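Here the sequence shown stands for residues 313 to 819, where the numbers follow the numbering used here. We put the beta carbon where it would ideally sit given N, CA and C, even for glycine. Here the structure is a predicted model, which means the values were calculated and not measured.
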Amino acid sequence: MLDDMDKLVSLCKRRGFIFPSSEIYGGINGFWDYGPLGVELKRNIKDAWWRDNVRMRDDMVGLDCSIIMNPRVWEASGHVGGFSDPMVDCRATKERYRADQIFVFAHVYAMVNHKGEPTEAWLAGLGGTPEEAAEYIEKKAAKLAKRFGQPVGAPSVIPYLKLDQADREKVVGPATDERGTLTEPRAFNLMFKTYVGALESESNVAYLRPETAQGIFANFKNVVDTGRVKLPFGIAQVGKSFRNEINPRNFTFRSREFEQMEIEFFCRPDQAKEWYAYWRETRFQWYIDLGLKSDRLRLRDHDPDELAFYSTATADIEYAFPFGLSELEGIAHRGDYDLSQHMKFSGKDLSYFDEERKERFTPHVVEPSAGADRATLAFLCEAYAEDQVGGETRTVLRFHPRLAPVKAAIFPLVKRDGMPEAAEAIYRDLKRRHNVFYDEKGAIGRRYRRQDEAGTPFCLTVDSQSAVDDTITIRDRDSCRQWRIPKAGACQALDDLLEGKAIPGDA
Ligand code: GAP
Numbered sequence: 313m314l315d316d317m318d319k320l321v322s323l324c325k326r327r328g329f330i331f332p333s334s335e336i337y338g339g340i341n342g343f344w345d346y347g348p349l350g351v352e353l354k355r356n357i358k359d360a361w362w363r364d365n366v367r368m369r370d371d372m373v374g375l376d377c378s379i380i381m382n383p384r385v386w387e388a389s390g391h392v393g394g395f396s397d398p399m400v401d402c403r404a405t406k407e408r409y410r411a412d413q414i415f416v417f418a419h420v421y422a423m424v425n426h427k428g429e430p431t432e433a434w435l436a437g438l439g440g441t442p443e444e445a446a447e448y449i450e451k452k453a454a455k456l457a458k459r460f461g462q463p464v465g466a467p468s469v470i471p472y473l474k475l476d477q478a479d480r481e482k483v484v485g486p487a488t489d490e491r492g493t494l495t496e497p498r499a500f501n502l503m504f505k506t507y508v509g510a511l512e513s514e515s516n517v518a519y520l521r522p523e524t525a526q527g528i529f530a531n532f533k534n535v536v537d538t539g540r541v542k543l544p545f546g547i548a549q550v551g552k553s554f555r556n557e558i559n560p561r562n563f564t565f566r567s568r569e570f571e572q573m574e575i576e577f578f579c580r581p582d583q584a585k586e587w588y589a590y591w592r593e594t595r596f597q598w599y600i601d602l603g604l605k606s607d608r609l610r611l612r613d614h615d616p617d618e619l620a621f622y623s624t625a626t627a628d629i630e631y632a633f634p635f636g637l638s639e640l641e642g643i644a645h646r647g648d649y650d651l652s653q654h655m656k657f658s659g660k661d662l663s664y665f666d667e668e669r670k671e672r673f674t675p676h677v678v679e680p681s682a683g684a685d686r687a688t689l690a691f692l693c694e695a696y697a698e699d700q701v702g703g704e705t706r707t708v709l710r711f712h713p714r715l716a717p718v719k720a721a722i723f724p725l726v727k728r729d730g731m732p733e734a735a736e737a738i739y740r741d742l743k744r745r746h747n748v749f750y751d752e753k754g755a756i757g758r759r760y761r762r763q764d765e766a767g768t769p770f771c772l773t774v775d776s777q778s779a780v781d782d783t784i785t786i787r788d789r790d791s792c793r794q795w796r797i798p799k800a801g802a803c804q805a806l807d808d809l810l811e812g813k814a815i816p817g818d819a
């Protein structure tokens, strides 16, 4: 398991998974580019999601909406008025923070008066997760205890937003030693604004969508009228979303441009609870089936005070990243809030008529909303391993075969005796079905290592025996085990292996 994000960031750069956007100009914070291996990995994740949630089901249809929509959509959804994060500025450093990401430690610390009594509660701010705050505090507390020769009690972490104004003034900004440098929290709308057409006037303002979901609601009637769908059914969409995040961080985890994979599942109000339970479980299992270990995944139900006012239940699927447990996907029971809002703002009837029961009503919605970039990052973290092979440490990405960017590499053992020609013929044959890679350069051991780092599950090698008995070797990435197969059966053998059929010799 990966413990240090820097190792992954550097592997992603070195092997062409992920690059900082516009890097030759110094990059731009919160934007990332996917390189040749990364684009295949992310596409495989999106394809797996689409296949499992749309193609394989009878109750789901797809949609691909425009990124810029009529701005009334965002008034109806509540994004114009309410899609904001509380933000604070530090007057001393000019840094800007998300107020909900500042945790303070209220620590009666070992600044003692002459009687040895603690004299004041000290509040220090720290931009970060509660785990990061706790770690920081522990270090700081140990240092203070040493300095004053005092034992230091258990530190406590408090969200900055929970402090009253008088206490906020005592807070030391995350990057200063001064108190009271942080401004009062202010709402900062996260939508990117632009102008449509030639005039840059208020009447031409439009927004880059901050979620794909609203395009689905806005098209609900179109789909019902044309799609031959009957309740319960879902509409799925994969596409880019944009949020002007105050603090993009943790590699691609919080970006300003990212891709979502969202489902709005419409059902009768009296069945919404069951569908919510169904999607909560089904989505959790999807990550496990594709290789995320269940002990690093968590299904966390929101506390009542975390729920949006229209939601009766929401759960987050979280993954234990090296930087802490963080959200991969949210599953929300949204009631009839969205369709009702769009009815109100558009004046159009978005109710549904149930032909069987002869009833008209506004459907309720269960929304599983996932991030393609966060899923990609989680699969990368999970796949990353360093192990010992032949006395050497190798780095390997143990992707599930469905997700691996390259499914197989084909090598001639050496560049003579007809081996390259034979290997290339196999490569051409396999390429019609899978993303495969041909490589004849360098020592065979090095070529295997390079494929291990790219996460390629199988390597096929033509060697001197191939000309004698028409067999080739197959090497398995995870066990490094090799065995021989008939050359003519290479395509079938690879298909079987990618579908999870047992590797010879496996118990
Ligand atoms: N329609 C509901 C919705 O958008 P959300 O929790 O704001 O809900 C859903 O976003 C998912 O989109 C998140 O679980 C995450 O995977 C992804 N996501 C949200 N903001 C992101 C960001 N700044 N960078 C990368 N992914 C993000």
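Asked: With distances taken between CB atoms, is the gap from glutamate 752 to proline 732 smaller than 8 Å?; Found: yes
Asked: Where do the N-terminal and C-terminal ends of the beta strand (DSSP E) with serine 681 fall, by residue?; Found: 676 to 683
Asked: Hey, quick one: how far does the beta strand (DSSP E) through methionine 399 stretch, first residue to last?; Found: 396 to 401
Asked: Run the CB neighbour count on lysine 605, radius 10 Å, all protein chains shown included, and call it buried at 16 or more, exposed below.; Found: exposed
Asked: Could you give the distance in angstroms between the alpha-carbon of serine 681 and the alpha-carbon of glutamate 523?; Found: 9 Å
Asked: May I ask whether a heavy atom of the ligand GAP can be found less than 7 Å away from the beta carbon of arginine 566?; Found: yes
Asked: Taking only three categories from DSSP, how would you classify alanine 802?; Found: helix
Asked: Which stretch, first to last residue, makes up the beta strand (DSSP E) that contains lysine 505?; Found: 505 to 507
Asked: Could you round the C-beta distance between lysine 358 and valine 550 to whole angstroms and report it? I think they count as a contact, below 8 Å.; Found: 5 Å
Asked: Return helix, strand or coil for cysteine 377, following the three-state DSSP convention.; Found: coil
Asked: Where aspartate 808 and glycine 801 are concerned, what is the direct C-alpha to C-alpha distance, given to the nearest angstrom?; Found: 11 Å
Asked: For the structure I just gave you, are there three or more beta carbon pairs, one from the region 662 to 680 and one from the region 581 to 596, closer than 8 Å?; Found: yes
Asked: Is the beta carbon of aspartate 648 less than 8 Å from the beta carbon of glutamate 571?; Found: no
Asked: Taking only runs of the beta strand (DSSP E) that begin and end inside the region 319 to 360, which ones reach a length of at least 3 residues, in chain order?; Found: 330 to 332, 344 to 346
Asked: Does the count of Cβ pairs from the region 633 to 652 and the region 551 to 570 closer than 8 Å reach three?; Found: yes
Asked: Would a C-beta distance cut-off of 8 Å place leucine 314 and cysteine 579 closer than the cut-off?; Found: no
Asked: So, are the CB atoms of valine 718 and phenylalanine 749 less than 8 Å apart?; Found: yes
Asked: Run the CB neighbour count on asparagine 356, radius 10 Å, all protein chains shown included, and call it buried at 16 or more, exposed below.; Found: buried
Asked: Would you report the Cα separation of valine 420 and arginine 561, rounded to the nearest angstrom?; Found: Its pLDDT being 37, under 50, valine 420 is placed unreliably in this model, and the value from its coordinates should be taken loosely. Roughly 31 Å separates the two Cα atoms.
Asked: So, are the CB atoms of threonine 538 and leucine 520 less than 8 Å apart?; Found: no
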